[in-house]
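K.L.:
Below is one structure. I have some questions about it.
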Ligand SMILES: [Ca+2]
Ligand SMILES: [Ca+2]
Ligand SMILES: [Ca+2]
């Protein structure tokens with residue numbers, strides 16, 4: 002899966018577990034949730050396990066942290082100027098939601114402890130498995 006870091010960030014900004022606590026997710030967010038869960042189904046059996054989901058999120062972080070220093074910052078932006086600007090915009094959105102200690106960097110710990118856990122939100126019967134064909138209306 003080769004995705005532009007900016008697109009990954011955009012998806013993260015939209016959906017990766019940071020629904021505003023009070024608001025209903027928008028249709029676009031729900032669509033992203035569907036996309037993310039589908040991507041997380043590593044063995045493509047139509048079921049997403051907690052393990053697959055956590056692994057997928059770890060992969061996303063690894064891809065965002067392009068310079069591999071353990072945090073996502075402007076330093077991970079692509080080199081192309083246009084892409085850089087987009088990346089910066091999206092990064093700001095993500096940081097606004099996820100940079101809990103306000104140091105301007107997204108750490109792995111912050112990434113791993115999102116405000117809203119999408120998996121838990123979707124796995125309404127709490128059996129640790131999400132069936133893609135039976136996604137609930139959130
Ligand atoms: Ca699976
Ligand atoms: Ca980095
Ligand atoms: Ca931080």
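Numbering (my numbering), first residue to last: 2 to 139.
Even glycine gets a Cβ: it sits at the ideal position worked out from N, Cα and C.
How is residue 18 classed by DSSP in three states: helix, strand or coil?
P.N.:
Numbered from its first residue, the chain shown carries residue 18 at position 17. Reliability fails at residue 18, whose pLDDT of 46 lies under 50, so the model's placement of it is uncertain and the value that follows must be treated cautiously. Three-state DSSP puts residue 18 in coil, outside helix and strand.
K.L.:
Under 8 Å between the Cβ atoms of residue 97 and residue 115?
P.N.:
The count along the chain shown starts at 1 and reaches residue 97 at position 96. The count along the chain shown starts at 1 and reaches residue 115 at position 114. Not closer than 8 Å, so no.
K.L.:
Return yes when at least one heavy atom of ligand 1 lies under 7 Å from the C-beta of residue 48, else no.
P.N.:
Working through the chain shown from its first residue, we reach residue 48 at position 47. For ligand 1, at least one heavy atom lies less than 7 Å from the Cβ of residue 48.
K.L.:
Report the residue from 54, 45 and 34 whose alpha carbon sits nearest the alpha carbon of residue 113.
P.N.:
Counting from 1 along the chain shown, the entry for residue 113 is found at position 112. The residue with the shortest Cα to Cα distance from residue 113 is 54.
K.L.:
Would you say the beta carbon of residue 74 is closer than 7 Å to some non-hydrogen atom of ligand 2?
P.N.:
Within the chain shown, residue 74 is the residue found at index 73, counting from 1. Yes, Cβ of residue 74 sits closer than 7 Å to a heavy atom of ligand 2.
K.L.:
Going by beta-carbon coordinates alone, are residue 65 and residue 9 separated by less than 8 Å?
P.N.:
Taking the first residue of the chain shown as 1, we reach residue 65 at position 64. Taking the first residue of the chain shown as 1, we reach residue 9 at position 8. Yes.
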